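One structure is given here, and the rest of the page talks about it.
In our numbering, the protein residues as written are 97 to 468.
Laid out in structure tokens, this is it:
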């Protein structure tokens, strides 16, 4: 027996779950997930921070608009904030000074607070900082984000509003019929009027299986290692990011999370960390502070998927009113989820935008930009 819905969303990670929560109650929604557990891939492997500068000036409006919701969610959605104060320092040695200056200019006329710091300020913020690191920009609004709670909140809200979640439901094929989409999945046949592609790293594959043109959304591997260091990382240490993208690190539950800020193109898969990337991260870390790495306790990798122009993709495919993209969200999909879901929902339903995103021009994100 076929499951029917007005809207079928493929992918129950943060993108699909947040959009489903926005659409449920206004249409019948079916949310399907290929894995046994939603959020198993990118959502469940996030470095878990909210930074208004992350993703650049064209992504920043979505991040900034999401901030109030994440800091103070509605009482019927979650009982406490998803954000906790952290702060970030974008630091530079001699090779990164121009990039740091460029970053300051890039965000100077935006809502992002960027404050230049000199060496003395850096020494107070990062104990044991080596002499090569003389300059930094402080981003005081940066915060840790409770990714699991946010994702769980969206899934719970989706179910409460009447949408159905089906796991272990890999999409095999989808074809248009006189009655809408006929979808074949590992959980059985399904039917919907509108098919939403929120499949993350698998977005191009889902498009191809639905007979739609892939957009060139490319998955990239990102590595994180959990370390025990001596002296222990201060709990109040900010997120520390290299201005030219060679590393970032932050404290987490008494340990240190460290990434080489890698972007290695790969196929959509259940990726794992490579020894070389972990070793590179530790080598770079040792050039920054005089802390000793005592043990590598855990390593993992996740996929971040980008469109060719590195902006998210929302909206109906060119010439279509029944195939909708919600993909290409890179590493900023979690921190932009509240605003992105509201923006995407208004585009899909043809409705007035929610006040959260009323001032955001959706044009740079529309899927139809790839028409030619």
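Where is the CB? At the ideal position from N, CA and C, for every residue including glycine.
Computed from a predicted structure; not experimentally measured.
Determine the extent of the alpha helix (DSSP H) in which residue i is found, giving its start and end residues.
i: residue 378; result: 371 to 382
i: residue 112; result: 110 to 119
i: residue 302; result: 299 to 305
i: residue 159; result: 156 to 167
i: residue 196; result: 193 to 203
Is it true that the CB of residue j sits closer than 9 Å to the CB of residue i?
i: residue 150; j: residue 427; result: yes
i: residue 267; j: residue 254; result: no
i: residue 200; j: residue 212; result: yes
i: residue 418; j: residue 289; result: yes
i: residue 129; j: residue 101; result: no
i: residue 263; j: residue 132; result: yes
i: residue 167; j: residue 177; result: yes
i: residue 320; j: residue 397; result: yes
i: residue 312; j: residue 403; result: yes
i: residue 183; j: residue 148; result: no
i: residue 408; j: residue 431; result: no
i: residue 399; j: residue 377; result: no
i: residue 472; j: residue 340; result: Shown here, the chain extends from 97 to 468; a query on residue 472 therefore has no answer.
i: residue 448; j: residue 442; result: yes
i: residue 76; j: residue 111; result: Since the first residue of the chain shown is 97 and the last is 468, residue 76 is not available in this structure.
i: residue 493; j: residue 347; result: What is shown of the chain runs 97 to 468, which leaves residue 493 out entirely.
i: residue 454; j: residue 162; result: no
i: residue 185; j: residue 335; result: yes
i: residue 384; j: residue 241; result: no
Per DSSP, what are the beta-bridge partners of residue i in this structure?
i: residue 402; result: 314 and 425
i: residue 395; result: 321
i: residue 351; result: 348
i: residue 233; result: 186 and 212
i: residue 130; result: Answer by DSSP bridge pairing: none, since residue 130 is not bridged.
i: residue 173; result: BP columns for residue 173 are empty, so no partner.
i: residue 146; result: 239
i: residue 410; result: 422 and 462
i: residue 225; result: 385
i: residue 125; result: 103
i: residue 273; result: 276
i: residue 326; result: 388
Starting from residue i, trace the beta strand (DSSP E) in both directions and tell me its first and last residue.
i: residue 346; result: 344 to 348
i: residue 211; result: 211 to 213
i: residue 101; result: 99 to 106
i: residue 287; result: 284 to 293
i: residue 276; result: 276 to 281
i: residue 358; result: From DSSP, residue 358 is part of no beta strand (DSSP E); its letter is neither H nor E.
i: residue 336; result: 335 to 338
i: residue 179; result: 179 to 181
Which word fits residue i, buried or exposed, when buried means at least 16 other C-beta atoms lie within 10 angstroms of its C-beta?
i: residue 118; result: buried
i: residue 358; result: buried
i: residue 390; result: exposed
i: residue 382; result: exposed
i: residue 238; result: buried
i: residue 134; result: buried
i: residue 273; result: exposed
i: residue 219; result: exposed
i: residue 459; result: exposed
i: residue 411; result: buried
i: residue 155; result: buried
i: residue 365; result: exposed
i: residue 165; result: buried
i: residue 98; result: exposed
i: residue 256; result: exposed
i: residue 438; result: buried
i: residue 361; result: exposed
i: residue 75; result: No information on residue 75 is available, as it lies outside the stretch 97 to 468 that the chain covers here.
i: residue 271; result: exposed
i: residue 394; result: exposed
i: residue 350; result: exposed
i: residue 308; result: buried
i: residue 265; result: buried
i: residue 332; result: exposed
Any heavy atom of the ligand NAP closer than 8 Å to the Cβ of residue i?
i: residue 218; result: As for the ligand NAP, it is missing from this structure, which has no ligand bound.
> Quick one: complete alpha helix (DSSP H) runs, 4+ long, within the stretch 242 to 270?
Replying inline: For secondary structure counted as the alpha helix (DSSP H) over 4 or more consecutive residues, the stretch 242 to 270 holds these complete runs in sequence order: 243 to 256.
> At what residue ranges does the stretch 413 to 458 contain a whole run of the beta strand (DSSP E), taking only runs of 3 or more?
Replying inline: You should have 419 to 423.
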